[in-house]
Amino acid sequence: MTSLLFQSISVTLFLGMMFVISVSNAILMKKISRFEGILHGPLVSVLIPARNEEKNISRCVYS
Numbered sequence: 140m141t142s143l144l145f146q147s148i149s150v151t152l153f154l155g156m157m158f159v160i161s162v163s164n165a166i167l168m169k170k171i172s173r174f175e176g177i178l179h180g181p182l183v184s185v186l187i188p189a190r191n192e193e194k195n196i197s198r199c200v201y202s
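Written as structure tokens, this is what we have:
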């Protein structure tokens, strides 16, 4: 009986702390601003290691 009560209290405290953390994060976290794209930035190359994938590589690149 005592262990069941201890488990119930532990689970309740854990869920309560998770709720408090979630609410505080929602209130205090910095809001993400709208991205203003870079017009003239550096070029970037993307390397995709592939071997014997000539049939599927175009779907991978365009996805």
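Residues 140 to 202 in the numbering used here are what the sequence shown lists, from first letter to last.
Even for Gly, the Cβ is constructed at its ideal location relative to N, Cα and C.
Computed from a prediction, not measured in an experiment: that's the story for all the values here.
Tell me where the alpha helix (DSSP H) around residue i begins and ends.
{"i": "I166", "result": "141-167"}
{"i": "S197", "result": "196-201"}
Given this structure, state the Cα-to-Cα distance separating residue i from residue j, to the nearest angstrom.
{"i": "T151", "j": "E193", "result": "55 angstroms"}
{"i": "L186", "j": "R173", "result": "28 angstroms"}
{"i": "P181", "j": "R198", "result": "26 angstroms"}
{"i": "S163", "j": "V200", "result": "40 angstroms"}
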